[in-house]
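Comments concern the structure below.
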Amino acid sequence: MNLADTRSRLRDNLAKVEARIGAACGRAERSRDAVTLIAVTKSVEPDVAALLPELGVRDLGESRPQELWRKAAALPTDVNWHLIGHLQRNKVARTLPLVKLIHSVDSVRLAEVIDGEAAKLGRQAHVLLEVNLSRESAKHGFPADQVPIVNPDLPFPYKHVFVDGLMTMAAATDDPERCRPVFAELRSLRDQFAVRTPGLTDLMNELSMGMTGDFEVAIEEGATMVRIGSALFEGID
Ligand SMILES: *Cc1c(COP(=O)(O)O)cnc(C)c1O
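Right, here's the structure in full:
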């Protein structure tokens, strides 16, 4: 496929995804602006990923740090990069300067390393805490009752780590309705914090949930960020 064909296919796919996001926002009586589309570029090469900002999508996600480094080096610097997959502690120093948001903080030890690196950079790192709600042991993330910040009994003394919110991955299924309770549970964790701490409007606002198979249900349940790959790159190789 040449790049011109790829661009037009991507434009069509994007229009379809946008229409579905818009319809889900409509059903939930939410503003389209309340949901950020994060295009997950892990399945495509940098030249294809670079078409997204041209089409107006500036938030891009990668699940592997090395792949994020590679694409960040190849794409324009005004892209907002999101690391959405597991981050090894020895890759924090190289990843942090490149990303707007790390969605996948899944341990206190990782938060501690991020805190140290952010301090060196003289800024705050923006992160989401990943919660394992599907109870699959293979998945990363804090168990629901052990999420720092949400659970006031758990210490989280990291001044350079700003927790924008929570992230989860639902188990893969053919029926997105089966993901609804998981997404509702993530929102309820966020809301528990909000009730306890009124007025802290930017801390813990974000809910990163929903992928190609389940993003409409996630939006109906309050997702503020959806991470979509396959639906955007369908028919492109
Ligand atoms: C790959 C990936 C996505 C996107 O999945 P699709 O089903 O291709 O939309 C979203 N989130 C994470 C963490 C991923 O690894």
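Counted the way our numbering counts, the sequence shown spans residues 85 to 321.
The C-beta atom is built at its ideal place from N, Cα and C for all residues, glycine as well.
Owing to the predicted nature of the structure, the values given are computational and were not obtained by experimental measurement.
Cβ-based burial, residue i [other Cβ within 10 Å; buried from 16]
i, result
"Pro-260", "buried"
"Gly-283", "exposed"
"Ala-133", "buried"
"Ala-118", "exposed"
"Pro-149", "buried"
"Asn-174", "exposed"
"Arg-206", "Just to set this straight, residue 206 is Gly in the shown sequence, not Arg. Burial call: exposed."
"Glu-146", "buried"
"Thr-257", "exposed"
"Glu-138", "exposed"
"Leu-273", "buried"
"Leu-87", "exposed"
"Thr-120", "buried"
Within 8 Å, strictly: CB atoms of residue i and residue j
i, j, result
"Val-141", "Gly-313", "no"
"Asp-237", "Val-211", "no"
"Phe-267", "Met-293", "yes"
"Glu-201", "Ala-177", "yes"
"Ala-209", "Leu-217", "no"
"Val-234", "Phe-277", "yes"
"His-187", "Met-251", "yes"
"Asp-190", "Gly-225", "yes"
"Tyr-242", "Ala-195", "yes"
"Pro-232", "Val-192", "yes"
"Ala-203", "His-170", "no"
beta-carbon residue i near ligand 1 non-hydrogen atom, thresh 7 Å
i, result
"Ser-218", "no"
"Ala-338", "In this structure the chain extends from 85 to 321, so residue 338 is not present and cannot be described."
"Lys-126", "yes"
"Gly-313", "yes"
"Gly-297", "yes"
"Gly-319", "no"
"Ser-147", "yes"
"Ile-168", "yes"
Other residues of its chain near residue i: CB distance less than 8 Å, five sequence neighbours each side excluded
i, result
"Met-85", "Arg-93, Ile-320, Asp-321"
"Pro-130", "Arg-154, Lys-155, Ala-158, Leu-159"
"Val-128", "Phe-317, Ile-320"
"Leu-152", "Glu-146, Trp-165, Leu-167, Thr-179, Leu-182, Val-183"
"Glu-220", "Ala-255"
"Leu-264", "The sequence shown places Arg at residue 264, not Leu. Contacts found: Val-301, Glu-304, Glu-305."
"Asp-286", "Asp-248"
Chain-order list of residues whose beta-carbon lies under 6 Å from that of residue i (same chain, five-residue window excluded)
i, result
"Leu-182", "Ala-156, Trp-165"
"Glu-318", "Asn-97"
"Arg-116", "Gly-106, Cys-109"
"Ile-122", "Asp-143, Gly-145, His-166, Met-309, Arg-311"
"Arg-91", "Leu-135"
"Met-295", "Arg-311"
"Phe-240", "Pro-232, Ile-233"
Cβ-based neighbour list, residue i, same chain, cut-off 7 Å, excluding 5 preceding and 5 following
i, result
"Arg-111", "Glu-304"
"Leu-270", "Val-215, Leu-217, Leu-250, Thr-252, Leu-291, Met-293"
"Asp-298", "Ala-254, Pro-260, Cys-263"
"Arg-104", "Glu-300"
"Lys-100", "none"
Three or more C-beta pairs below 8 Å linking the segment 93-110 and the segment 158-165: The segment 93-110 makes no contact with the segment 158-165, as fewer than three CB pairs between them are under 8 Å.
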